[in-house]
Amino acid sequence: MFRLRRSILRFFRSHPAFTIGATLSPSAFWLLAFTMIPMGIVVYYSFMTRGPWGTIVFEFSLDSYRQVFDPLFLKIMARSFKLAALTVVICLASGYLIAYWIAFYGGRRKNLLLFLVILPFWTSYLVRIYAWMTLLSDHGLINTFLTNWGLIDQPLPLLHNQYSVLVGLVYTYLPFMILPLYASLDRLDRSVLEAASDLGATARERFFKVTVPLTKGGILSGSVLVFAPSMGEFLVPELLGGAKAMMVGKFIALKFIGLRHWPLGSAYSLLLLAVILVLIYLYMRAGGGKDAYQERQ
Amino acid sequence: MKRISSVELVQVTKRYGDVVAVDDLSLTISEGEFFTLLGPSGCGKTTTLRLIGGLEHPDAGDVLINGEVVTDLPPYERNSNIVFQNYALFPHLTIEGNIAFGLRLKSRRVAEPEVKKLVAEALELVHLEGFGARRPNQLSGGQQQRVALARALVLRPKVLLLDEPLGALDRKLRKAMQIELRRIQHEVNITFIYVTHDQDEAMSMSDRVAVMRNGNFEQLGTPHEIFQTPRTRFVADFMGASNIFSGRVIAVSADAAQRASTQTIQIETESGLRVISRGGQDMSSGTAVDFSIRPEAVQVFSRDWDWMADNKFDATIVGKLYLGDVTELEVALGENNSITSRIRSSIDQKFDFKEGDQVSVGWNAEDCNLLSSGSDTPLS
Amino acid sequence: MNRASPRLLSIGCGAVYLFMYLPLLVLVVYSFTPTEYGVAWEGFTLKWYVAVFNNKYIQDALKVSLMIAIPTVVISTAIGTMTAFALYRYKFVGRALYQGALYVPLVMPDLVIGISLLLFYTSISLDLGILTILLAHISFSIPLTTLVIIARMQRIDRTLEDAAMDLGADEWTTMWKVTLPQLMPGILAAALLTFPWSFNDFVITFFVSGVGSSTLPLRVYSMIRLGVSPMVNALGTMIIVAPLIIVIIGVYFDRRSVS
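Protein chains in written order, with the numbering used here: chain A, 1 to 297; chain B, 1 to 380; chain C, 1 to 259.
Next comes the structure, spelled out in structure tokens:
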């Protein structure tokens, strides 16, 4: 048995290409079959035409792409962009607060506090959005609370608008911002801050001139991790938004489910993807999530 | 009695990309020898060690252990074991588990009772009886180092390779461990190949030392030879012989009278100093030569003291460094030259040297150590 | 705590934590009261929990979710480990490109992934069902597990493997006796992240599931669409509490094994 095993090992040792191939093949298979090829099909379909009753007619056409420049779609894109950007800003502000607190004041409870941040992520995201529905609806907790205390006469329309969508997005993606920020802050060399203090910087100056630049990597990572999926969200606008809060994600989904216009939906999806890939590219150009320390390596 | 060669390297070369870490190196180590590879970081000593152990594969040349060619064998098929610089103890195993690791491998077929016995013996050897149930992170650096040693020795390798194992220990512990290692080596009588950048360590433990530089040997010899008669500038400098001069031979004379048929030469240094030195058999007037003088050989007395030396000069003390048992004096000879002298602190006190004092310095001709100008031919 | 944190910071953080947990608390609280509309508290009851347990659709959905999540975790963790080895230990042409391609699904919107898979399955005439969901889940879990395991690999000591081989263990034995034990925290973390991701996934599953292969999130969605039912509260509470219990048990056992 040993002889066989040793000879096999000797083979793999002297043929590293084989070893790499063998270990990489499972993920390569999945990557190819379930990511690359499907994406290829989306591209292919985007150039096809829609037949009656939503079937695909395999005729080449650029119709879908012409429709893409429909002002309605562009307006929705712009709004989604705006909402996603706002989400990033709010997540950054509140996320930095938490990450900073845990990193600098967490002490022995750091792991626990981080765990409390991640815990909601483990529950169903659907349930979490539903919980917001109950909170914000006309008969929901907040409205009832305010009415009972006589602060308002009529229920506030908290649900089904852009703001509820924003709340939903922030709520869903906050952990994605907190974790990279925490990772950056945790790696920060405290003695650099002490040196700044020693040289005369105030707490505010220390924060903006030292801490923030040194956590650039975490900020960028978190922003991308929040922005990209926010752009493509369809459940939050579906459940918490309404007609007034149409986002790209929901718009595309409708093309597939409601309208059954697969070529058009494919074209739109590719556009969304393109926007996100441009974003990723810019992110890599801006340092790709590496903090100042790591850049030198 | 002819000694069997324990480890042999035959023209071994190892490259990493453009960098040649080990450059056409050949070496023969005898059984039971304590052999040290000494050199600054980057000289290739650790790579050489890893090549012997099998963790690296040479690009050219052969490695032999006990006469058998092992060049293409993986580390687990060689009869050598390594004590790593960072100890590399398995954190998920106890001390007992660590030491027994090699024994418990199926390929060795050691029965469990035998394993327990060998582990106990190993713990005794390194004076860590009773520590078996603990985990590595519960032990101090010195203790972890001993476990690493025990783990390697319990397998009774023919060759033990040690990669700067004492680097992380404080001075007192290091000195104690050096004595321990020597004792253990004599007790188990196996070949030790030791890597270090600390020349004191190399001196105190080794049978032979190889000073390495840029992937090959600058000089190979006993500690005494390396220390007293460094052959090249690099070795002299590395061993702390801080007085190195360059010059030209200006006179040669066979000196039959004082010492038995040795040659004497007179050298004029670039800075104008005239020095008499022993040796230089193949040199004639005009040959370029470097030489070094150990600071311990440079004597310093007050000007009115009556004494003799082959080389004696008037000088001024320009610096003084008290190091405890010795005092280092920086002495200026004329405008262009300075020389370092190390004298016993008691002598310094006796003559009450201080900066600015006018003194007399000197050394004998045989204390001048001639250096070859380059490192092309390693001398053994 | 290290030192007393500035008052403002503490309050701010408290507010954020409250924001994160408020909806969940509300959900939990209202799962215990019989109120159907509005938010008046009408007394304590377990009737919604009973309803959930008796609901056949929910039971089926739970079975389906587990049937998908558990194999997903096992397979993607195994593949992730292999991939991590290949990417971290070896240099080869196109490694950076491969890594990039591998991580792309992590930033692609679920929507696009779901759509692409739907089109793919349709074009190869594969019926939508549990298999299609499983294949999809594995494919988007692999980048996650690979990432987590590579992160752990960066922190393990390579000399341990050198030591093991030097002591006589060949590559295979070294892997099982030294490398994998060292990687275990990473492998566990990968599993613990992949399970909820798969179990709770909605969007991708939505596009690739067929009739009769509803996972729990899909079932919850249809319940929500039909109207805000308190049964969802009860179900939601259970979904929140279950991982908590598992973690508490896990930490308890972890503490015991250390002492």
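Don't be surprised by glycine CBs; every beta carbon is placed ideally from N, CA and C.
Everything numeric in this text was worked out from a predicted model, so none of it was measured.
{"query": "Kindly give me the distance between the Cβ atoms of L329 of chain B and I343 of chain B, rounded to whole angstroms, as I take these residues to be in contact under 8 angstroms.", "result": "7 angstroms"}
{"query": "What residue range is occupied by the uninterrupted alpha helix (DSSP H) comprising A267 of chain A?", "result": "262-285"}
{"query": "Go ahead and pull the three-state DSSP assignment for V68 of chain A.", "result": "helix"}
{"query": "Among B:R109, B:R104, B:S140, B:V154, which has the Cα closest to the Cα of L123 of chain B?", "result": "B:V154"}
{"query": "So is I66 of chain A buried or exposed if we call it buried at 16+ other beta carbons inside 10 Å?", "result": "One detail in the question is off: residue 66 of chain A reads as Arg in this sequence, not Ile. R66 of chain A is exposed by the Cβ-count criterion."}
{"query": "Between A:V278, A:M284, A:S266, A:R285, which has its C-alpha nearest V68 of chain A's C-alpha?", "result": "A:S266"}
{"query": "Using the Cα positions of L103 of chain B and F85 of chain C, report the straight-line distance between them to the nearest angstrom.", "result": "28 angstroms"}
{"query": "Relative to the C-alpha of T211 of chain A, which residue among A:V248, A:P229, A:R190 is closest?", "result": "A:R190"}
{"query": "Leaving aside the five residues before and after G132 of chain B along the sequence, list all residues of the same chain whose C-beta is less than 6 angstroms from its C-beta, in chain order.", "result": "I95, E96"}
{"query": "Determine, using beta carbons only, whether D162 of chain C comes closer than 7 angstroms to chain A.", "result": "no"}
{"query": "Taking CB distances under 7 angstroms as the criterion, tell me whether N200 of chain C reaches chain A.", "result": "yes"}
{"query": "May I ask you to list the residues that DSSP assigns as paired with T196 of chain B?", "result": "B:L38"}
{"query": "Closer than 8 angstroms, Cβ to any Cβ of chain C: which residues of the stretch 106-128 of chain A, in chain order?", "result": "G106, G107, R109, F115, L116, V117, L119, P120, F121, W122, T123, S124, Y125, L126, V127, R128"}
{"query": "Leaving out five residues on either side along the sequence, give the residues of the same chain with a beta carbon under 6 angstroms from the beta carbon of L27 of chain B.", "result": "L9"}
{"query": "At a Cβ cut of 8 angstroms, what residues of the stretch 45-76 of chain B count as close to chain A, listed as they run along the chain?", "result": "P74"}
{"query": "So, are the CB atoms of I267 of chain B and V249 of chain B less than 7 angstroms apart?", "result": "yes"}
{"query": "Tell me which residue opens and which closes the alpha helix (DSSP H) that Y163 of chain A is part of.", "result": "162-187"}
{"query": "Output the residue ranges of the alpha helix (DSSP H) runs that lie fully inside the stretch 41-66 of chain C and measure 4 residues or longer, sorted by chain position.", "result": "47-54"}
{"query": "Determine whether the Cβ of A131 of chain A lies closer than 7 angstroms to any Cβ atom of chain C.", "result": "yes"}
{"query": "So, helix, strand or coil for E218 of chain B, using DSSP?", "result": "strand"}
{"query": "Less than 7 angstroms between the C-beta atoms of P217 of chain C and F202 of chain C, yes or no?", "result": "yes"}
{"query": "Would you please verify whether the beta carbon of G222 of chain A is less than 7 angstroms from any beta carbon of chain C?", "result": "no"}
{"query": "Measuring CA to CA, which of A:P213, A:P71, A:G95 is closest to L181 of chain A?", "result": "A:G95"}
{"query": "Report back the beta-carbon spacing between L102 of chain C and L116 of chain A to the nearest angstrom; my notes put them in contact at under 8 angstroms.", "result": "About 31 angstroms; that fails the 8 angstroms criterion."}
{"query": "Within a Cβ cutoff of 7 angstroms, which residues of the same chain sit near L118 of chain C, ignoring the five residues on either side of it in sequence?", "result": "F207, V208"}
{"query": "Pull out every residue of the stretch 77-109 of chain B whose Cβ sits closer than 9 angstroms to any Cβ of chain A, in chain order.", "result": "E77, K106, S107"}
{"query": "With a 10 Å radius around its C-beta and 16 neighbouring C-beta atoms as the bar for buried, classify V16 of chain C as buried or exposed.", "result": "buried"}
{"query": "Does any residue of chain A bring its CB to less than 7 angstroms from the CB of M82 of chain C?", "result": "yes"}
{"query": "Is W149 of chain A close to chain C, meaning its C-beta is less than 7 angstroms from at least one C-beta of that chain?", "result": "no"}
{"query": "Could you check if W172 of chain C is buried or exposed, using at least 16 other CB atoms within 10 Å of its CB as the buried criterion?", "result": "exposed"}
{"query": "Rounded to whole angstroms, what is the Cα-Cα separation between S338 of chain B and S6 of chain B?", "result": "46 angstroms"}
{"query": "Do Y221 of chain C and L126 of chain A have their CB atoms nearer than 7 angstroms?", "result": "yes"}
{"query": "Could you check where the beta strand (DSSP E) with E8 of chain B kicks off and where it finishes?", "result": "5-16"}
{"query": "For the beta strand (DSSP E) containing T327 of chain B, name the first residue and the last one.", "result": "326-333"}
{"query": "Identify the continuous beta strand (DSSP E) that holds W363 of chain B and give its terminal residues.", "result": "358-363"}
{"query": "Determine whether the Cβ of T49 of chain A lies closer than 7 angstroms to any Cβ atom of chain C.", "result": "no"}
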